[in-house]
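Novice:
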Amino acid sequence: MKLWGGMLRAFLSGPGRRGGTWGQAFSSWQPHLPPAGSLKATELVSHWTAVFEKRGIPEARESSEYIVAHVLGAKTFQSLKPVLWTQPLTPWQLQCIQELSSHRLQRMPVQYILGEWDFQGLSLKMAPPVFIPRPETEELVEWVLEEVAQRPRVIGTQGGPLILEVGCGSGAISLSLLSHLPQSQVIAVDKGEAAICLTHENAQRLRLQDRIRIIPLDVTLEGSWAHLLSWGPADLVVSNPPYVFSRDMEQLAPEIRSYEDPAALDGGEEGMDIIAHILALAPRLLKDSGSVFLEVDPRHPELVGSWLQSRPDLSLNLVAVRKDFCGRPRFLHIRRSEAQHGCHADT
């Protein structure tokens, strides 16, 4: 996860899309490599690290290590058997590394290049343009699990919680919660066809398809939620919604701007468009004392707090704000309640 965390730190920086044709990518390295049959994994990592650095590719070494390790059948370069570090690569392996590295020169995220990524210990398939789960979102899952553990009599009184995820993407949040909460059930919704298909595939790969309902649904459409009520009110609503301010979209790193679905990122003028829809619907979808957990922009705790104060009819209270591993206010816990309570920050 170090690689994606580093990309996020460059979230609002980075040059424009780079690269060129695949042929140009290959010609940039071929004259400088030793003869075929003598190349070793460590040499390939060093070479591609230098090429990536020269071309301004973020996380150059991590990118090359992931690509070489993937071709050699491992998740990380460090997990390779030591003998594979110095064993000459086959022509087929060299060709695969060439092709995958050419995609990285085009600023394609490593997660898409490899076609898979780990999240909360689960190996999930990844494919553009479905939103790539970030390390911060693992912290959101951990917070939800903490809440379930602390409030077992409130959440899931009949065996396990019923969880609704809004904007499931690859299914990372839903499937992680299912894997940690054996009695739980999940309803996962997303308006993107690619996301729905990918969540289905990941659920089947993890053999969790019997405990998850995956539904194409756009939260912004009037009346779209009516048929969800047939499964009963949810204990929890969880979402990592689009929350980027529209004016910030053009400043995103090329990996994000050129490959991921803008609809999974752009949250409107103040990043609140989908957040407001989720909160407006929450009272109809949640049990009494049910909770909403959101991942948001660091500017949103104040905005969401003010928005909720302007809508007392919703009976929703912002009860906790938690910071991410970089110290930014990133996660919100909102609870449905008939009484009004103050907000505190959970650090």
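For the sequence shown, counting from 1, position 139 maps to 139 in UniProt numbering; every step adds exactly one. All C-beta atoms in this analysis are idealised placements derived from N, C-alpha and C, irrespective of residue type, glycine included. Note that the structure is a prediction, hence the values are computed from the model and not measured.
Which runs of the beta strand (DSSP E) at least 3 residues long sit entirely within the UniProt domain "Methyltransferase small" (163 to 248)? Give them in chain order.
Specialist: Whole beta strand (DSSP E) segments, 3+ residues: 185 to 190, 212 to 216 and 234 to 239.
Novice: Name the DSSP beta bridge partners of residue 107, please?
Specialist: Answer is none; residue 107 lacks a bridge partner.
Novice: Beta carbon of residue 171, beta carbon of residue 140: below 8 Å?
Specialist: It is not a contact, given that the beta carbons lie outside the stated cut-off.
Novice: If you follow the beta strand (DSSP E) that residue 288 is part of, which residue opens it and which one closes it?
Specialist: 286 to 295 is the span of the beta strand (DSSP E), which, as asked, contains residue 288.
Novice: Would you decide whether residue 204 is buried or exposed? Buried here means 16 or more other CB atoms lie within 10 Å of its CB.
Specialist: So residue 204 counts as exposed.
Novice: Between which two residues does the beta strand (DSSP E) holding residue 334 run?
Specialist: Element bounds for residue 334: 329 to 336.
Novice: Use the C-beta contact count for residue 137: other C-beta atoms within 10 angstroms, 16 or more gives buried, fewer gives exposed.
Specialist: With 16 or more other Cβ atoms within 10 Å, it is buried.
Novice: Mapping the DSSP letters down to three states, classify residue 322 as helix, strand or coil.
Specialist: The answer is strand: DSSP assigns residue 322 an E or B state.
Novice: Return the CA-CA distance between residue 119 and residue 176, expressed in angstroms with no decimal places.
Specialist: Answer to the nearest angstrom: the Cα atoms are 8 Å apart.
Novice: I'd like to confirm the pairing. Which residues does DSSP put opposite residue 117 in its beta bridges?
Specialist: 124.
Novice: Given that a residue counts as buried once 16 or more other Cβ atoms are within 10 Å of its Cβ, and exposed if not, what is residue 241?
Specialist: Under this definition residue 241 is a buried residue.
Novice: DSSP on residue 75, reduced to helix/strand/coil?
Specialist: Coil.
Novice: Is it a yes or a no for the stretch 231 to 247 touching the stretch 269 to 278, going by three-plus beta-carbon pairs under 8 Å?
Specialist: Result yes; three or more Cβ-Cβ pairs closer than 8 Å.
Novice: State buried or exposed for residue 83, treating a residue as buried only when at least 16 other CB atoms are found within 10 Å of its CB.
Specialist: Exposed, since its Cβ has fewer than 16 Cβ neighbours within 10 Å.
Novice: Compute the Euclidean distance between the alpha carbons of residue 14 and residue 253, then round it to the nearest angstrom.
Specialist: Residue confidence for residue 14 is low, a pLDDT of 36 falling below 50, so the modelled location carries little weight; the figure read from the coordinates is stated next. Each residue's Cα considered, the two are about 5 Å apart.
Novice: Considering only the alpha carbon of each residue, which of 190, 96, 232 and 57 lies closest to residue 221?
Specialist: Among 190, 96, 232 and 57, the Cα nearest to that of residue 221 is on 190.
Novice: Looking only at its own chain, which residues have a Cβ that is under 6 Å from the Cβ of residue 334, when we skip the five neighbours before and after it?
Specialist: 292, 316 and 318.
Novice: With a threshold of 16 other CB atoms inside 10 Å of the CB of residue 309, please say whether the residue is buried or exposed.
Specialist: With fewer than 16 Cβ atoms within 10 Å of its Cβ, residue 309 is classed as exposed.
Novice: Classify residue 88 as helix, strand or coil using the three-state DSSP reduction.
Specialist: Strand.
Novice: Buried or exposed for residue 23, going by 16 or more other Cβ atoms inside 10 Å?
Specialist: In this predicted model, residue 23 has a pLDDT of only 38, less than 50, meaning its place in the structure is not dependable; the value taken from the coordinates is given anyway. With fewer than 16 other Cβ atoms within 10 Å, it is exposed.
Novice: Thinking C-alpha only, which one of 199, 117 and 146 is nearest residue 169?
Specialist: Among 199, 117 and 146, the Cα nearest to that of residue 169 is on 199.
Novice: Locate the alpha helix (DSSP H) running through residue 309, then write down its first and last residues.
Specialist: Its alpha helix (DSSP H) spans residues 300 to 309.
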